[in-house]
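**Student:**
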Amino acid sequence: MIKIRLTPYASTEWTWDDSSYVTADRTSEITPYAHPMLEQVAVTDGSRTLLVVRERVTGRETTDPSPRKLPPGDFDKARTLAEQWPTDYVLVETAPGDPCRVTSGPGGIAPLYVSHDRTSLHGSWDMADLAEHAVGLSPREVARLLVYRPRYSTETVFRGIHRVTERTTAVFGGHLYLHYPEPALHSGPRELKPAADVLGAFVNAMDDALDLRPLDSVKTMLHLTGGFDSGTVGTRLAERYPNRFPTAALLIGGHGRAHQIRRRTEILNTLPFAEPDYLIDAVEHAPLSADCARVRGERISPYEEPLHRPFTELTEVLAEHGARVVVTGLGGDEMVALSQDEYAHKSMGEISDALPWIGQRARAAIEYADDGIAPPAAVNSMTLLSLETTAPVLMRAGIWPLHPFAGPGMVQLGEWLPMHWRELKQLQRRRLASLGLSPDVTESRVRESFAEVVQHSLTRYGQQLFARMLIDGSPLFDEQLVDPDGLRLAVRRLAEEPYREDGDAQLLEVLDLHFAAQAFL
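The sequence shown begins at 0 in numbering that gives the first Met the number 0 and counts up by one.
1. Give me the Cβ distance between residue 234 and residue 431, rounded to the nearest whole Å; I'm assuming they're in contact under 8 Å.
2. To which residues of the same chain is residue 106 closer than 6 Å at the C-beta, ignoring the five residues directly before and after it?
3. Alpha carbon to alpha carbon, what distance is there between residue 458 and residue 186?
4. Can you list, in chain order, the residues of its chain whose CB lies under 6 Å from that of residue 311, leaving out five sequence neighbours each side?
5. Measure the alpha-carbon distance for residue 146 versus residue 478 and round it to whole angstroms.
6. Output the distance between the C-alpha atoms of residue 34 and residue 322, rounded to the nearest integer angstrom.
7. Check residue 217 in the structure and name its three-state DSSP category.
8. Nearest CA to the CA of residue 336: which residue from 325, 397, 318 and 409?
9. Kindly indicate which three-state DSSP category residue 279 falls into: helix, strand or coil?
10. Look up residue 424 in the DSSP assignment and say whether it is helix, strand or coil.
11. Could you tell me the boundaries of the alpha helix (DSSP H) in which residue 470 lies?
12. Return helix, strand or coil for residue 347, following the three-state DSSP convention.
13. Mapping DSSP to helix, strand and coil, what is residue 157?
14. With distances taken between CB atoms, is the gap from residue 297 to residue 518 smaller than 8 Å?
15. So, does the stretch 156-176 touch the stretch 96-103, judging by three or more C-beta pairs under 8 Å?
16. What does the alpha-carbon distance come out to for the pair residue 69 and residue 90?
17. Going by alpha carbons, who is nearest to residue 255 out of 440, 520, 505 and 216?
18. My guess is that residue 536 and residue 29 are in contact by the Cβ rule of under 8 Å, so how many angstroms apart are they, rounded?
19. So, using beta-carbon positions, are residue 150 and residue 372 closer together than 8 Å?
20. If we count the other Cβ atoms within 10 Å of its Cβ and call it buried at 16 or more, is residue 212 buried or exposed?
21. Drop a sphere of 10 angstroms on the beta-carbon of residue 108, count the other beta-carbons inside from all chains shown, and report buried for 16 or more, exposed for fewer.
22. With distances taken between CB atoms, is the gap from residue 368 to residue 162 smaller than 8 Å?
23. For the alpha helix (DSSP H) containing residue 31, list its first residue and its last residue.
24. Under 8 Å by Cβ, that's how I've got residue 253 and residue 281 pegged, so tell me the actual separation to the nearest angstrom.
25. I want to know whether the stretch 225-243 touches the stretch 317-333 - three or more CB-CB distances under 8 Å.
26. Suppose contacts are defined by Cβ-Cβ distances below 8 Å. Is residue 144 in contact with residue 241 by that definition?
27. If you run the structure through DSSP and keep just helix, strand and coil, what is residue 76?
28. From residue 92 to residue 399, what distance separates their C-alpha atoms?
29. Do residue 275 and residue 308 have their C-beta atoms closer together than 8 Å?
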């Protein structure tokens, strides 16, 4: 939600010029993301200055963004209160003779990446803005992504570019120091009272998350995939605000496509959603096709949506029709996830032995995949990484994402629920059933995923792209993160043998990383 250039030990006299905060000597600049769901405020005691960019809250008028003078005692109180804001934010602090400090809020709705040169700290929600500061690849982070073992940390694929994780403070005074916060406290399942109204509590938690932001002030659309999570949130909004919110989705491929269409149709016919319903065929606008931004060589972060081409197409359609906010179901999986004690499951990192293209340095780095990761956050780390994939595409189109399942009240409710309410998403299933939706929606046994879209992309477009990569070379080869001989064998198997989802689908990550490395380095 912010772009910055901060030069410590220079001027700290800030002014607001209607789009950015700038210092008197123009050595520092802070540009908030311009959107009606965000606001910016600034206070100073004549020496220290605190600048805040944050999500707006329902019922509060926006304030004058110009720096406001406060007594020193009130300044300290303002700093404390800034961290108690109920929605997401970014804080910037400057003072004469001191390093500058940038602190991310707890929500992780928009990513914040930082880098630096000899004099200044640079930051942006769009990693492409920092490409000139990328100085190579991080073996450990590349290895995490290659073996589908992502970890939430300040480390990114590119050395020289860092992620400011939730509640982390970036301190820059010529050298950059990233200070992790204390771990967020969590609780476990509780015993329910005999008459406990779980669905009522669930609805109240959804309402609290949705009512916190002034959705009635902007054109809002619902990402309604037909699945349990987006379906639960979308139906609640339609129930409360009949005929207000249009819907949108990506259509999957394969056997689940007809079922997705049928489920969505029933949901749309049962609740009073607004028209129209925007649908984009993910097969028709497949990743890796000639129109894909990654294939065209654009600087797309390796953390952005893997299905970048269809997701971008859908986003552009929504923007053309005036959308400024999109409500999603992201975070629903993690809200009701079972713990390792409740359901023992293998780490996805264990698939590395079956991937012949994993290079020597990447295999060595996998052993240290859990080093340096961020402490537990209020929001599940996998949810935070998921939010990071969607925000840049939406924000470039002028759309702000809203993820109710990632709200603190929803997260806490999920932690408190006994296992039988969380297993197989019983919470979402029972909520949808209470609305009169049929077992075809609430008890679906047909898998709906983008696996067939990935298969289509790799088998139709991937072989030519891999052939070019193997001929022209790749930074992944140069740094021994991907083994070209192993990749050549895998590509040959992809062409000559039946497609295997477990073992072939992971090749998409190789291409995404390759295109990112080429574009950034």
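The beta carbon of each residue, even a glycine, is placed where N, CA and C say it ideally should be. Keep in mind that this is a model prediction, so the values were computed, not measured.
**Tutor:** Per the coordinate set shown:
1. Contact holds; Cβ gap of about 7 Å.
2. 87
3. Their Cα atoms are separated by approximately 45 Å.
4. 392
5. 17 Å
6. 12 Å
7. coil
8. 409
9. strand
10. helix
11. 462-471
12. Here the model assigns residue 347 a pLDDT of 48, short of 50, so the residue's position is not dependable and the matter cannot be decided.
13. strand
14. yes
15. yes
16. Residue 69 and residue 90 have their alpha carbons spaced roughly 17 Å apart.
17. Measuring from the Cα of residue 255, the nearest candidate turns out to be 440.
18. Outside the displayed range of the chain (0 to 520) lies residue 536, so it cannot be described from this structure.
19. With contacts defined as CB atoms closer than 8 Å, residue 150 and residue 372 qualify as a contacting pair.
20. buried
21. buried
22. no
23. Where residue 31 is concerned, there is no enclosing alpha helix (DSSP H), although the beta strand (DSSP E) it sits in stretches over 28-31.
24. Incorrect: roughly 11 Å between the Cβ atoms, too far for contact.
25. Yes, the stretch 225-243 touches the stretch 317-333.
26. no
27. helix
28. 25 Å
29. no
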